[in-house]
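Peer 1: To start, I am sharing the structure in question, which I have written as structure tokens.
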Amino acid sequence: MEPLGATTIFLAVCISCLLFLSAWKKMSGSGNLPPGPVAFPIIGNALQLYKKNLPQSMRELSAKYGPIFTIYLGSERVVVLYGHEVVKEALIDQGDEFSDRGRMPVFEGISMASAVPWKELRRFTLTTLRDFGMGKKRRPFDPTLFLNHSVSNVICSIVFGDRFDYEDKKFVTLINLIEESNKLQCSPWTALYNFFPTLMHYIPGPHQRIFKHFEELRKFVLERVEMHRESLEPSCPRDFIDAFLIKIKQSEFTTENMLRRTLGLFFAGTGTTSATLKHGLLLLMKYPEIEEKVHEEIDRVIGRSRSPCMADRSQMPYTDAVVHETQRFVSLAPLGVPRAVTRDTRFRQYIIPKGTTIFPVLQSVLYDSKEFPKPEQFNPGHFLDENGAFKKSDFFMPFSIGKRSCVGEGLARMQLFLLLTTILQNFTLKPLIDPKDIDITPMTLTSNAPMSYQLIVIPR
1 MEPLGATTIF
11 LAVCISCLLF
21 LSAWKKMSGS
31 GNLPPGPVAF
41 PIIGNALQLY
51 KKNLPQSMRE
61 LSAKYGPIFT
71 IYLGSERVVV
81 LYGHEVVKEA
91 LIDQGDEFSD
101 RGRMPVFEGI
111 SMASAVPWKE
121 LRRFTLTTLR
131 DFGMGKKRRP
141 FDPTLFLNHS
151 VSNVICSIVF
161 GDRFDYEDKK
171 FVTLINLIEE
181 SNKLQCSPWT
191 ALYNFFPTLM
201 HYIPGPHQRI
211 FKHFEELRKF
221 VLERVEMHRE
231 SLEPSCPRDF
241 IDAFLIKIKQ
251 SEFTTENMLR
261 RTLGLFFAGT
271 GTTSATLKHG
281 LLLLMKYPEI
291 EEKVHEEIDR
301 VIGRSRSPCM
311 ADRSQMPYTD
321 AVVHETQRFV
331 SLAPLGVPRA
341 VTRDTRFRQY
351 IIPKGTTIFP
361 VLQSVLYDSK
371 EFPKPEQFNP
381 GHFLDENGAF
391 KKSDFFMPFS
401 IGKRSCVGEG
411 LARMQLFLLL
421 TTILQNFTLK
431 PLIDPKDIDI
441 TPMTLTSNAP
451 MSYQLIVIPR
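Straight run, no breaks: the sequence shown in the working numbering ends on number 460.
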């Protein structure tokens, strides 16, 4: 063997050993960590977790290791919280320690990071959202595009101050970019990127398109920002962008903060709300007797001569229960949005090192059989008392809980109720197959995305 070749091989072996030892040292961690399955250097527990979908894997690991356990996604340490008691204890009782965002490399620079204190940015976003709006043919069609258009236009009216014509080329481009980005976010490729960002950055695949989409979306928002900047009247803000531009002049907020927050609203609002509604329409076709009861309540409370409004919700317990049960049953983000601990944290008998990623498994709470009898069944009765009145539940947390719960929760609740009620006020849903044969199983990896389907809507 030539000396140069031998040297190259020797260096490669040394580097491999160093990488192996570095990963092993990182995975061995520090502190008194919760128990968990044996992890391999570099890949962590990937092989064990991806034999099945992630929520099912978490359920099986919880049965073996208890409500608090440790896994490794690549070399990233993750402490998993499984069940209402530990999730509430961490996110509410010890909310300060569990208030950081966990690392999600694919989103870095979009909506997860911020140069200003997140509490101040969150408070501003919630206040401004409230101020600016929170309160036909019988052919088979896929409802995805219609729902995305409807939800996105509501967000546009709040953020940009006006709605787009559904045929507007820029709006159609915006919707297409968001739709494909949401699909890519749920793909195995993006999951791999989040777990192995350094490696996946150099590997070609569908996940690479998401960054191009993000850049195109940034350009779209920045263009609207410049239009607002030119016509801004500080004494009379028209929308979210105007309010943010005024705030930039008064504080440490920046244009970059505004871009990230706006994109975050579009991704969270359009993706989760339209996906939940898409699940909801499918469930109502599967259970037409439930749809019929909603029709009856709409006719009794609202009638056909006016549009639904949020004030109607308190008089429509069954419809409200259907909306809540859809969110519970769907459990769109089964693992929750990753958190991280702000400092070395004592949690029960364990010490969790600063910066450790936390998975609060929301599906474990939404499917708790003690609170929701037969949780695998779709049953609006989970949110109704014996008198048929709406019944709240502390276990209902599809938007998470605590200091980092979803900033767009109020907007999403409004859209879910109003859009579903408006659709059912005007139409009856008709499936293309027998309701008994409708498959309501979601496509599950890290999120419970709805399957593609078609339906017919019949005017009432």
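For each residue, glycine too, the CB sits at the ideal point set by N, CA and C.
(1) By the three-class DSSP mapping on this structure, what secondary structure does G83 have?
(2) Would you grab the beta carbon distance between V78 and F359 for me? Rounded to a whole angstrom, and I think it's under 8 Å.
(3) Can you check the segment 301-350 for any alpha helix (DSSP H) of at least 4 residues that lies completely inside it and give the ranges in chain order?
(4) Is Y453 helix, strand or coil when you go by DSSP?
(5) According to DSSP, is D162 helix, strand or coil?
(6) Take I458 and list the residues in its own chain whose beta-carbon comes closer than 7 Å to its own, dropping the five residues that flank it on each side.
(7) Who are the near neighbours of L265 in its chain, counting only those whose CB is closer than 7 Å to its CB and skipping five residues on each side?
(8) By DSSP, does V101 sit in helix, in strand, or in coil?
(9) Assign E233 to one of three DSSP states: helix, strand, or coil.
(10) Which residue from K212, P373 and E292 puts its Cα closest to that of R460?
(11) Are the beta-carbon atoms of L177 and E216 separated by less than 9 Å?
(12) Assign P37 to one of three DSSP states: helix, strand, or coil.
(13) Quick one: what's R77 bridged to in DSSP?
(14) Is the beta carbon of S274 sitting closer than 9 Å to the one on T144?
(15) Compute the Euclidean distance between the alpha carbons of H228 and I175, then round it to the nearest angstrom.
(16) If you count every other CB in all the chains shown that lies within 10 Å of the CB of Y82, and 16 or more means buried, which is it?
(17) Which whole-angstrom value is the C-beta distance of R313 and F417, which I expect to be below 8 Å?
(18) Of the choices R404, R348 and T319, whose alpha-carbon is the least far from that of P67?
(19) Can you grab the Cα-Cα spacing for the pair G44 / G355, in whole Å?
(20) Does DSSP put L432 in a helix, a strand or coil?
(21) In whole angstroms, give me the CA-to-CA distance for S369 and F220.
(22) When you compare each of K88, G102 and A90 to T337 by their alpha carbons, which one comes out closest?
(23) With a 10 Å radius around its C-beta and 16 neighbouring C-beta atoms as the bar for buried, classify A191 as buried or exposed.
(24) Taking Cβ to Cβ, would you say P380 is nearer than 9 Å to H324?
(25) Between T342, N387, S364 and L366, which has its C-alpha nearest K403's C-alpha?
(26) Check each candidate in R346, S393 and S405 and name the one with the smallest Cα separation from P34.
(27) Can you tell me whether DSSP reads G95 as helix, strand or coil?
(28) Hey, F351 and N53 are a contact pair by Cβ (cut 8 Å); roughly how many whole angstroms apart?
(29) Kindly identify the DSSP beta-bridge partner or partners of G44.
(30) Just tell me which of R238, E180 and P188 has its CA closest to the CA of F211.
(31) What did DSSP end up calling F220 once you bin it into helix, strand or coil?
(32) Taking P317 and G388 to be in contact with their CB atoms under 8 Å, please state how far apart those CB atoms are, rounded to whole angstroms.
(33) Short check: CB of P373 to CB of R328, under 9 Å?
(34) Quick check on T273: does DSSP put it in helix, strand or coil?
(35) If you follow the alpha helix (DSSP H) that F266 is part of, which residue opens it and which one closes it?
Peer 2: Result, derived from the coordinates:
(1) In the structure shown, G83 sits in coil (DSSP, three-state: anything other than H, G, I, E or B).
(2) 6 Å
(3) 317-330
(4) Residue state, collapsed to three classes: coil.
(5) coil
(6) R138, F427, T428 and K430
(7) I155, V159 and G408
(8) For clarity, residue 101 is Arg in the given sequence; the question names Val instead. It is a strand residue.
(9) coil
(10) E292
(11) yes
(12) P37 sits in coil when the DSSP states are folded into three classes, being neither helix nor strand.
(13) The partner list for R77 (beta bridge, DSSP) reads Y72.
(14) Yes, the pair counts as a contact, with Cβ atoms nearer than the cut-off.
(15) 21 Å
(16) Flag for Y82 reads buried.
(17) 6 Å
(18) R348
(19) G44 and G355: Cα-Cα distance of roughly 18 Å.
(20) coil
(21) When rounded, the distance between both Cα atoms is 45 Å.
(22) Just to set this straight, residue 337 is Val in the shown sequence, not Thr. The shortest Cα separation from V337 among K88, G102 and A90 belongs to G102.
(23) buried
(24) Their beta carbons are under 9 Å apart, which means P380 touches H324 by this criterion.
(25) Between K403 and the set T342, N387, S364 and L366, the nearest pair of CA atoms involves T342.
(26) That would be R346, whose Cα lies nearest to the Cα of P34.
(27) The three-state reading of DSSP puts G95 in coil, since its state is none of H, G, I, E or B.
(28) Here residue 351 turns out to be Ile, not Phe, going by the sequence shown. Going by Cβ atoms, the distance from I351 to N53 rounds to 31 Å, so no, they are not a contact pair.
(29) F40 and L73
(30) E180
(31) helix
(32) 6 Å
(33) In this structure, P373 lies away from R328, with their beta-carbon atoms at least 9 Å apart.
(34) Three-state result, T273: helix.
(35) Its alpha helix (DSSP H) spans residues T255 to F266.
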